[in-house]
Amino acid sequence: MPQLMADDPTYLSWMKANPGGFVLNSYNPARQGYLILHRATCHTITGTPANGRSWTKDYSKTCSVSREDLEDWTRHSFGDGPKRCGICDP
Ligand SMILES: [Zn+2]
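Just so we're aligned, residue 591 is where the sequence shown starts under our numbering, counting upward by one.
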């Protein structure tokens, strides 16, 4: 079951524990129109946030160890599957 990351410490510790996992990046709250699937190792969603503040405030992160589960959950929740990140190519 995909998990919505409540805050940065939760997100960063999940990423550390699940390097083979997948992340859905979206608006906060998540909604249709911007639903991007990444690998947990993608440099665009790890390290220091581009805005220098937070990974989980302006955008939401929903994580899963299973890409299939995360894609199904996205389709079920928003009526639309995620777009795949062109950088990490999940
Ligand atoms: Zn990516």
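Beta carbons are placed, not taken as given, at the ideal position from N, Cα and C, and that holds for glycine. Being a predicted model, the structure only gives us computed values, none of them experimental.
With a 10 Å radius around its C-beta and 16 neighbouring C-beta atoms as the bar for buried, classify residue i as buried or exposed.
i: G611; result: buried
i: Y617; result: exposed
i: R629; result: buried
i: Y601; result: buried
Among the options, which has the Cα closest to the Cα of residue i?
i: D670; options: P639, L627 and N618; result: L627
Does residue i come out as helix, strand or coil in the three-state DSSP assignment?
i: Y601; result: helix
i: I677; result: coil
i: T664; result: helix
i: R629; result: strand
i: K606; result: helix
i: T652; result: strand
Return the CA-CA distance between residue i and residue j, expressed in angstroms with no decimal places.
i: E661; j: M595; result: 17 Å
i: L614; j: K606; result: 16 Å
Sorry if obvious, but does the Cβ on residue i come closer than 8 Å to a heavy atom of ligand 2?
i: T634; result: For the structure depicted, ligand 2 is absent and the ligand set comprises only ligand 1.
Can you find a C-beta in chain C that's less than 9 Å from the C-beta of residue i?
i: R657; result: The displayed structure is made up of one protein chain only, and chain C is not part of it.
Taking 8 Å as the cut-off, does the CB of residue i come closer than this to any heavy atom belonging to ligand 1?
i: C675; result: yes
i: R657; result: no
i: R629; result: yes
i: C653; result: no
i: P680; result: yes
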